[in-house]
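K.L.:
At position 164 of the sequence shown (counting the first as 1) the number is 217 in my numbering, and the numbers step up by one without a gap.
Note that the Cβ used here is the ideal one computed from N, Cα and C, for glycine as well.
Just dropping this structure here.
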Amino acid sequence: MAQLALRRKAMFSAAHAYWFPDRSDEENRALFGKWASKWGHGHNYDVEVTVIGELDESSGMVVNITDVDRALKRALKPLRDKHLTYEVPHFATHPPTTENIALFLADAFSREFVDPAARLSKITVWETPTLSATLDFQESDTMVALTRSIDFAAAHRLHAPGLSESENLAIFGKCNNPKGHGHNYGVEITVIGEPDLATGMIVDLLALDAVLEREIMARYDHKHLNDDTEDFRAANPTSENLTLAIWRHLVNKIPAPARLQKVVVRETDRNFFEYTGL
54 MAQLALRRKA MFSAAHAYWF PDRSDEENRA LFGKWASKWG HGHNYDVEVT VIGELDESSG
114 MVVNITDVDR ALKRALKPLR DKHLTYEVPH FATHPPTTEN IALFLADAFS REFVDPAARL
174 SKITVWETPT LSATLDFQES DTMVALTRSI DFAAAHRLHA PGLSESENLA IFGKCNNPKG
234 HGHNYGVEIT VIGEPDLATG MIVDLLALDA VLEREIMARY DHKHLNDDTE DFRAANPTSE
294 NLTLAIWRHL VNKIPAPARL QKVVVRETDR NFFEYTGL
């Protein structure tokens, strides 16, 4: 039997506050820093569940999508149009971070989705287009992956120093243009860890953003990769090499206890490059 995965998306609107009502203002600010606010703020959250199972040859389906939708709707119901901190009992003791919301929904969906032939494989919650949390049960039942997305503008010329001018032109064509060309690069940085019991976060997001600003934005944004960066003085600035360079700059600088899991570079809407350290 062929094993296939089905992905289904939904959304919900909710508010949340990084604030414990039973703690003092000082204690809350010590825990949550700039995010501490008793009133909070809101998001339109996007959710994607992935269920996996074997193909039913009689129906031609892995699972009836109606069953997935029903389970997802029931899982989301306690969160829809609510203030998570003050109206959902679970989040009175678990900060409603993106990581903890993903854990909550994974548990809720698994209880609602009962199918002997399929199971929940992955769930991702997007708080914003640039911040998401994923649980991949193929890899771990407790580790949460947090993805931060950034973008920068840069120019490059595809030119391998070890090849002749004619060889470079033959391989890279118009991308070997002597003056180069540019891209709006998108970068996804995924770190992984277990949410802290007190904060609900796997990493200090402000500290992570500071690392990304220093190691990626300051190094590459509005630069000519061949001429303005040390990384490509003697290397061809392909997106493959850029992906590896970003990994090297980040791998030992991710705020503990999280660790770097994956780097994705989007050169165009059609070209993506991914590295996981393997």
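(1) Suppose you measure from the CA of histidine 209 to the CA of glycine 235; what does that come to, to the nearest Å?
(2) Rounded to whole angstroms, what's the CA-CA distance from lysine 126 to phenylalanine 73? Just pull it up for me.
(3) Is the distance from the Cβ of leucine 199 to the Cβ of valine 240 below 8 angstroms?
(4) Would you call the region 295–306 in contact with the region 260–277, where contact means no fewer than 3 C-beta pairs closer than 8 angstroms?
(5) Apply the 10 Å Cβ neighbour rule to glutamate 180 and answer buried if 16 or more other Cβ atoms are within range, or exposed otherwise.
(6) How close, in whole Å, do the beta carbons of asparagine 153 and proline 248 come, if the pair is a contact with beta carbons under 8 angstroms?
(7) Going by other Cβ atoms of all chains shown within 10 Å of its Cβ, with 16 needed for buried, is arginine 319 buried or exposed?
(8) Quick check on this structure: which residue in His277, Glu327 and Leu129 has the alpha carbon closest to the alpha carbon of lysine 232?
(9) Can you list, in chain order, the residues of its chain whose CB lies under 6 angstroms from that of phenylalanine 166, leaving out five sequence neighbours each side?
(10) Just the Cα atoms here: how many angstroms apart are aspartate 280 and glutamate 218?
(11) In the DSSP assignment, find the unbroken alpha helix (DSSP H) run with asparagine 294 in it and report its ends.
(12) Pop quiz: valine 104 and leucine 59 are said to be a contact at Cβ under 8 angstroms. What is the actual Cβ separation, rounded to whole angstroms?
(13) Rounded to a whole number of angstroms, what is the C-alpha to C-alpha distance between phenylalanine 225 and threonine 291?
(14) Quick one: give me the first and last residue of the alpha helix (DSSP H) that arginine 82 is part of.
(15) Can you tell which of Gln56, Phe85, Gly93 and Arg76 has its C-alpha closest to the C-alpha of alanine 70?
(16) Go to alanine 63, then tell me how far its beta strand (DSSP E) extends in each direction, as first and last residue.
(17) Taking 7 angstroms as the limit between beta carbons, can you name the residues of its chain near glutamine 314, skipping five residues before and five after?
(18) Taking the alpha-carbon of serine 185 as reference, which of Val304, His96, Lys306 and Lys87 has the nearest alpha-carbon?
(19) Just the Cα atoms here: how many angstroms apart are alanine 128 and phenylalanine 162?
(20) In angstroms, rounded to a whole number, what distance separates the CA positions of proline 142 and lysine 130?
(21) For lysine 232, report the span of its beta strand (DSSP E) as first-last.
(22) Helix or strand or just coil, what does DSSP make of alanine 198?
(23) Look up asparagine 317 in the DSSP assignment and say whether it is helix, strand or coil.
(24) So glutamate 266 and lysine 306 are in contact, right, with Cβ under 8 angstroms, and what is the actual spacing, rounded?
(25) Output the boundary residues of the beta strand (DSSP E) element that contains leucine 188.
(26) Can you name the start and end residues of the alpha helix (DSSP H) that phenylalanine 225 belongs to?
P.N.:
Looking at the coordinates:
(1) 6 angstroms
(2) A direct Cα-Cα distance of roughly 28 angstroms separates lysine 126 from phenylalanine 73.
(3) no
(4) yes
(5) buried
(6) Contact annotation, asparagine 153 with proline 248: C-beta distance approximately 6 angstroms; criterion of less than 8 angstroms satisfied.
(7) Result: buried.
(8) Among His277, Glu327 and Leu129, the Cα nearest to that of lysine 232 is on His277.
(9) The answer, listed in chain order, is Ala124.
(10) 18 angstroms
(11) 292–303
(12) 5 angstroms
(13) Going by the C-alpha atoms only, they are around 10 angstroms apart.
(14) Unbroken alpha helix (DSSP H) run through arginine 82: 78–85.
(15) Gly93
(16) 56–69 is the span of the beta strand (DSSP E), which, as asked, contains alanine 63.
(17) Ala198, Thr243, Val244, Ile245 and Thr329
(18) Each of Val304, His96, Lys306 and Lys87 was checked against the Cα of serine 185, and the nearest Cα belongs to His96.
(19) 5 angstroms
(20) 14 angstroms
(21) Careful: lysine 232 lies outside any beta strand (DSSP E) and carries neither H nor E.
(22) strand
(23) Here residue 317 turns out to be valine, not asparagine, going by the sequence shown. Judged by DSSP in its simplified three-state form, valine 317 adopts strand.
(24) Not quite, the Cβ-Cβ distance comes to about 12 angstroms (not below 8 angstroms), so this is no contact.
(25) 184–189
(26) 218–225
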